[in-house]
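Notes to accompany the following structure.
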Amino acid sequence: MKPIILLILLFFISPFTSSATVELKNNNITYFENPFLLGDWYFFKPKDAESDYDVLHISLSSNHDFFIEMIEMESNSADVWRGEFSLSQERIRFEGDEEEPQVYHYQVS
Numbered sequence: 726m727k728p729i730i731l732l733i734l735l736f737f738i739s740p741f742t743s744s745a746t747v748e749l750k751n752n753n754i755t756y757f758e759n760p761f762l763l764g765d766w767y768f769f770k771p772k773d774a775e776s777d778y779d780v781l782h783i784s785l786s787s788n789h790d791f792f793i794e795m796i797e798m799e800s801n802s803a804d805v806w807r808g809e810f811s812l813s814q815e816r817i818r819f820e821g822d823e824e825e826p827q828v829y830h831y832q833v834s
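Letter by letter, the sequence shown follows residues 726 to 834 in our numbering.
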């Protein structure tokens with residue numbers, strides 16, 4: 726008798742549990758379309774390259790904000806650029822507050 730009552734209870738309770746909704750946070754990394762690009766990226770200048778900057782630090786967040794820091798080691802100075810970025814499968818577009826947008830192509834290997 727107990728298994729039959731339990732089965733009837735489960736039958737009537739199941740519609741209430743299945744209608745529950747799950748709220749997803751927009752900044753959750755598992756729901757970002759290209760999670761492999763998120764985080765901090767450091768690029769170092771090769772010794773034979775002529776450039777004003779020694780280190781390029783790019784930080785990309787899941788809410789589409791970016792932070793780029795160009796560091797010169799000799800003078801211990803850095804230039805900073807902030808804004809929003811947009812992605813496609815082939816390119817990334819950086820839009821800062823005061824400058825023209827810049828588009829860069831990339832390839833996933």
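Positions of the beta carbon are idealized from the N, C-alpha and C atoms, including for glycine. Everything numeric in this text was worked out from a predicted model, so none of it was measured.
- Taking every protein chain shown into account, the CB of I793 has 16 or more other CB atoms within 10 angstroms, so this residue is buried.
- For H830, same chain residues with a beta-carbon under 7 Å away, outside a window of 5 residues either side, are E815 and R816 in chain order.
- Ranked by how close their Cα comes to the Cα of I796, the residues I729, N788, K770 and M726 have K770 in first place.
- Spatial neighbours of R807 in its own chain (CB-CB distance under 6 Å, excluding positions within 5 residues in sequence) are listed in chain order as F792.
- Secondary structure at L763: coil, using DSSP grouped into helix, strand and coil.
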